[in-house]
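Following: one structure in structure tokens, then a few remarks.
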Amino acid sequence: MQQADSSGKGGNTSRRDLIRGSIPRNLWNMAWPQMADSALTVVDQIADLFWAGRMGYRTIAGLGVAQIFMLIYSTARIGLDTGMRAMISRAIGANDREYANHVLLQALTITFIWTLLVGGLGIIFTNKLLSMVGVSAAVVELATTYMQLQFVAYSMQNFVRLTGGALNAAGDSINPLKAVTVSRGVHILSSPFFIFGWLWFPDMGIAGAAAANIVAQFLGMIMNLVVLYKGNSGLRLSLKAYRVDIILIGRLLRVGLPAAMTSMQRSVSQLVLLVGISNFGDAPVAAFALSRRVENIVSNTSRGLGRASAAVAGQNLGAGNINRAKSSLNWALVYSAILSAVAMTLYLLFTEEIATVFNGDPNFLAHMTTWLFILAIATFPMSSVQVLTHGISNTGATVAPMNITLTTMWLIEIPMAFGLAFLTPLDSEG
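In terms of our numbering, the sequence shown opens at residue 2 and continues consecutively.
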């Protein structure tokens, strides 16, 4: 059995020993790169919407609809990583590096099949998916090519997320952040070249933002794979003993499917809400799409914090340190409260300024400023829920978070939203 050196020697400088030392310090050292990683994922979506705003709010609406479908595609698969994260963190905590590599290989197998089937079908049926939402034909036309190219980009991102998640579970939070930072930087900086045809680049319109994302995600995927093959982060990817392990894949799916349901249904609920909002016109759709991306700055960052607490908890559970595992989640809630206070203050102080950056149409601004104000009030409960859900599920306990999320989302939030929108004068603000 090949074992990991928990001392951090032998070039394994990126991996942290999470079963000893200060819990809040260990958590923060693990959390800030994952929080930054998660925030950067939203920043590139917001950057796409910024360029879309230069072309009118209908382009914002089209990209917003496409991004929700991309979220459904990616968040469902990210949920499947939950079992992998839990097993790898416990294997590393128990000093069993060989088994951790075996788990990673099975997770890669699942992701390859998922990407081939779901991503391929998404590209084929893009136009039908956009049309079913109920937005105008102009919005569908603007978003079709963008969404097809994004299916390719997000298929690569599936492997960026999986390999980064494996490294995080092994205790390395820096190298995945490097990959995401380079990827996001390339996407944001190269997008206007593809969109407007600067220099020798093709003039692709807003679809150019998706083309830039393909290049960016490819770079991020290669960076993570190089780190894994070198084995400097407590986990070495080797194909020498690769075999399809149906039993282990079944275990990964049993743990991961409830988490996938939990993650995916949030995105599906956004799609359901979007169908209702499309009855009020393209401007509310654009405002809804943008406000959800701003919301994701808080929620995605909180998910990163929750996953970090799960990595700390998982390794301590593997080492038999139950109290340290519990304490990591408590400290994650403290950090989330601080994050929420900062976000709420910024959203309340700069509501109109944030909206105006994207588009100055009065109809769009009227909806956007109202939703940003509501979002500011909701930051604290939203952040805490994300930390708890991902902190608990990424240690392997996925059923309870799924049941709680499904109940609150589909029995409370969705019915209330439709009731307030269609049975009161609030309309789309409901």
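Positions of the beta carbon are idealized from the N, C-alpha and C atoms, including for glycine.
Reducing DSSP to helix, strand and coil, say where residue i ends up.
i, result
"Asp49", "helix"
"Asp173", "strand"
"Thr425", "coil"
"Asn360", "coil"
"Asn233", "coil"
"Lys1", "The structure shown does not extend to residue 1, since the chain is modelled only from 2 to 431, so the question has no answer here."
"Met205", "coil"
"Arg244", "coil"
"Leu19", "coil"
"Leu1", "The question about residue 1 has no answer here: the residues shown for the chain are numbered 2 through 431."
"Ala138", "helix"
"Met56", "coil"
"Asp476", "This structure cannot settle anything about residue 476, because the visible part of the chain is limited to 2 through 431."
"Asp97", "coil"
"Asn13", "Bear in mind that a pLDDT of 45 at Asn13, under 50, signals an unreliable position, so the number given afterwards is only what the model happens to contain. Residue state, collapsed to three classes: coil."
"Ala67", "helix"
"Leu238", "coil"
"Ala398", "coil"
"Phe365", "helix"
"Phe195", "helix"
"Phe126", "coil"
"Phe374", "helix"
"Phe219", "helix"
"Phe351", "coil"
Can you check whether the CB of residue j is closer than 8 Å to the CB of residue i?
i, j, result
"Gly172", "Gln316", "yes"
"Ser268", "Ile73", "yes"
"Phe160", "Thr110", "no"
"Phe432", "Thr352", "Residue 432 is absent from the structure shown; the chain starts at 2 and stops at 431."
"Arg59", "Leu143", "yes"
"Glu414", "Ser184", "no"
"Ser385", "Leu334", "yes"
"Arg294", "Val43", "yes"
"Gly95", "Leu236", "First, the residue type needs correcting, since residue 95 is Ala and not Gly in the sequence shown. Not closer than 8 Å, so no."
"Leu226", "Thr164", "yes"
"Ser174", "Met31", "yes"
"Ala40", "Asn331", "no"
"Tyr147", "Ala62", "no"
"Leu130", "Phe70", "yes"
"Ala290", "Gln68", "yes"
"Leu229", "Leu238", "yes"
"Ala320", "Ile20", "yes"
"Glu430", "Thr371", "yes"
"Met157", "Phe219", "yes"
"Gly65", "Val286", "yes"
"Ser328", "Val388", "no"
Which residue from the options puts its Cα closest to that of residue i?
i, options, result
"Ile24", "Ala326, Leu163, Ser337, Lys231", "Ala326"
"Ile189", "Ile93, Gln266, Leu50", "Leu50"
"Pro259", "Ile47, Ser39, Thr76", "Thr76"
"Thr357", "Ala288, Phe113, Val161", "Ala288"
"Thr116", "Ser385, Arg91, Leu81", "Leu81"
"Gly206", "Ile215, Ile196, Tyr243", "Ile196"
"Leu274", "Leu118, Gln46, Val136, Ser394", "Val136"
"Gly307", "Gln149, Ala170, Tyr155, Ala138", "Ala170"
"Ala212", "Val245, Gln151, Leu220", "Gln151"
"Leu178", "Met36, Pro402, Leu249", "Met36"
"Ala398", "Phe419, Ile61, Arg255, Ala309", "Arg255"
"Tyr155", "Met133, Ala138, Asn214, Met265", "Asn214"
"Asp38", "Leu131, Leu106, Val181", "Val181"
"Ala379", "Ala344, Leu19, Glu430, Val140", "Ala344"
"Trp52", "Leu168, Ala92, Phe194, Trp29", "Phe194"
"Thr408", "Asp428, Leu318, Met369, Thr263", "Thr263"
"Asn176", "Ala217, Ala208, Gly221", "Gly221"
"Ile124", "Thr406, Val153, Phe365, Asn233", "Val153"
Is residue i close to chain B? Criterion is C-beta to C-beta, closer than 8 Å.
i, result
"Thr390", "Within the model displayed, chain B is absent; a lone protein chain is all it includes."
### Query
Counting only runs that start and end within the stretch 313-344, where is the alpha helix (DSSP H) found for 4 or more residues in a row?
Along the stretch 313-344, the alpha helix (DSSP H) does not occur as any fully enclosed run of 4 or more residues.
### Query
Counting only runs that start and end within the stretch 142-167, where is the alpha helix (DSSP H) found for 4 or more residues in a row?
For the stretch 142-167, not a single whole alpha helix (DSSP H) run of length 4 or above is found.
### Query
Whole beta strand (DSSP E) runs in the stretch 253-311 with 3 or more residues, listed along the chain?
Listed in chain order, nothing qualifies, since the stretch 253-311 has no complete beta strand (DSSP E) run of 3 or more residues.
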